[in-house]
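Each remark here refers to the structure printed beneath this line.
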Amino acid sequence: MKKRLYVLTTVLAAATVLSLSSCLKDSRYVNFAQSKPIANFPLGGQANFGADAILDQTDTITKQFAVDIASATVPTTATTVTLAIDNSIITTVNNSGGTVTYNAMPTGSFVFNTTSVTIPAGKRTAVVSVTFYKNQLDPSQSYMLPIKIVSASGGAIVSGNFGIHYFHFIGNDFAGSYELIWTRWNAPDTSGTPAYDHLDLGPYTMSPVDPTTAKVASGYYTGIPYTLTFTKTGTGSSATYSNFAVTFTADDIANYWTGGGVTLGSGPFVDPLTGYNPNTQYTYAQALKLFRFYYTTASRAIIDQYIKN
1490 MKKRLYVLTT
1500 VLAAATVLSL
1510 SSCLKDSRYV
1520 NFAQSKPIAN
1530 FPLGGQANFG
1540 ADAILDQTDT
1550 ITKQFAVDIA
1560 SATVPTTATT
1570 VTLAIDNSII
1580 TTVNNSGGTV
1590 TYNAMPTGSF
1600 VFNTTSVTIP
1610 AGKRTAVVSV
1620 TFYKNQLDPS
1630 QSYMLPIKIV
1640 SASGGAIVSG
1650 NFGIHYFHFI
1660 GNDFAGSYEL
1670 IWTRWNAPDT
1680 SGTPAYDHLD
1690 LGPYTMSPVD
1700 PTTAKVASGY
1710 YTGIPYTLTF
1720 TKTGTGSSAT
1730 YSNFAVTFTA
1740 DDIANYWTGG
1750 GVTLGSGPFV
1760 DPLTGYNPNT
1770 QYTYAQALKL
1780 FRFYYTTASR
1790 AIIDQYIKN
């Protein structure tokens, strides 16, 4: 019985191979071995739009990205791929129904001089780079630098899904420079005289994470950053803001306080002395008056007040 089953299995397998072989020869099926090579960005396209968001906190940011030739076999001749910045793509993105409106990157805020890249024979991939200067951007605005593949030599076609890198910065209405006025008590309450009373610590930058999230450093100890979130209703000058909340993330507590003997007592939260009501819709000017944040540690009480420069 086992021998008969083996023979039957072998026959079926052979029939399957013959069937597949005739399918490949059938004009109704695609023969990938005869397909044209495709020039693409392996980590580009709309599928990787989120990964093209630039969230680095340094002023000078260099991003490397690969240009690839996808083909059935490794190319035996060099392939030249032409690249370009195409700001018309920004209009398409802005008209796609998203919540963020992007501006073109201004002159001086980036360097990208690679108009073509040559992938050597026997290779599929080359790496190029673009450098951004974040201090040349208005952090309250969103920007995009679309880099696309224009063409490729050797009969290669440009990928329709992975032919664009959407490098972008996300702005936030409250991002920008603030004067930090700092008060500290050497006790976990505010009942006594502050040890440091309304010290002007100079300009601090509130950096955007996304359109309704920003981060700004506290003036105490290692400068653990507050994560500020809010709800925005409407657009433009008529927009209003509500549901403000400030937190220290678990990762930031671990990164800034672990090993320093500092433990969080309460907060952080918007100081009640501001009269804050989470259900109130605030104008932009009214919202700026809420940026007075309070928290305690096991031995300190801190108030950080941020005044827009």
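Numbering (my numbering), first residue to last: 1490 to 1798. For glycine and all other residues, C-beta sits at the position ideal for the given N, C-alpha and C.
Chain-order list of residues whose beta-carbon lies under 6 Å from that of residue i (same chain, five-residue window excluded)
{"i": "residue 1511", "result": "With a pLDDT of 39 at residue 1511, under the threshold of 50, the predicted position of this residue should be treated as unreliable, and no value is reported."}
{"i": "residue 1556", "result": "1570, 1606 and 1615"}
{"i": "residue 1640", "result": "1571"}
{"i": "residue 1560", "result": "1526"}
{"i": "residue 1784", "result": "1756, 1757 and 1791"}
Under the three-state DSSP convention, the category residue i falls into
{"i": "residue 1727", "result": "helix"}
{"i": "residue 1692", "result": "strand"}
{"i": "residue 1761", "result": "helix"}
{"i": "residue 1709", "result": "coil"}
{"i": "residue 1583", "result": "helix"}
{"i": "residue 1786", "result": "strand"}
{"i": "residue 1560", "result": "coil"}
{"i": "residue 1781", "result": "strand"}
Among the options, the one whose alpha carbon lies nearest that of residue i
{"i": "residue 1751", "options": "1787, 1700 and 1693", "result": "1787"}
{"i": "residue 1709", "options": "1720, 1791 and 1528", "result": "1791"}
{"i": "residue 1599", "options": "1560, 1581 and 1549", "result": "1549"}
{"i": "residue 1733", "options": "1746, 1763 and 1672", "result": "1763"}
{"i": "residue 1562", "options": "1777, 1524 and 1767", "result": "1524"}
Residue i vs residue j beta-carbon contact at 8 Å
{"i": "residue 1526", "j": "residue 1574", "result": "no"}
{"i": "residue 1675", "j": "residue 1789", "result": "yes"}
{"i": "residue 1638", "j": "residue 1530", "result": "yes"}
{"i": "residue 1779", "j": "residue 1759", "result": "yes"}
{"i": "residue 1716", "j": "residue 1745", "result": "no"}
Proximal residues to residue i (C-beta, below 7 Å), its chain only, five neighbours per side dropped
{"i": "residue 1796", "result": "1667, 1668 and 1670"}
{"i": "residue 1826", "result": "Beyond the ends of the chain as shown, which are 1490 and 1798, falls residue 1826; an answer cannot be given."}
{"i": "residue 1697", "result": "1628, 1659, 1660, 1661, 1664 and 1703"}
{"i": "residue 1793", "result": "1669, 1671, 1707, 1708 and 1782"}
{"i": "residue 1610", "result": "1564, 1565, 1566 and 1567"}
Close Cβ partners of residue i (< 8 Å) along its chain, the five nearest in sequence each way excluded
{"i": "residue 1631", "result": "1589, 1590, 1591, 1592, 1657, 1658, 1659, 1660 and 1700"}
{"i": "residue 1722", "result": "1728, 1729, 1730, 1731 and 1770"}
Inter-stretch contact at 8 Å, needing at least 3 Cβ pairs: the region 1619-1627 / the region 1737-1746: no
Segment contact flag, the region 1696-1716 with the region 1657-1667, C-beta cutoff 8 Å, min 3 pairs: yes
Three CB pairs or more closer than 8 Å across the region 1769-1782 and the region 1712-1732: The answer is yes - the region 1712-1732 touches the region 1769-1782, with three or more Cβ pairs under 8 Å.
Three-pair Cβ contact test at 8 Å for the region 1557-1569 versus the region 1675-1693: no
Any 3 or more C-beta pairs closer than 8 Å across the region 1587-1601 and the region 1526-1541: no
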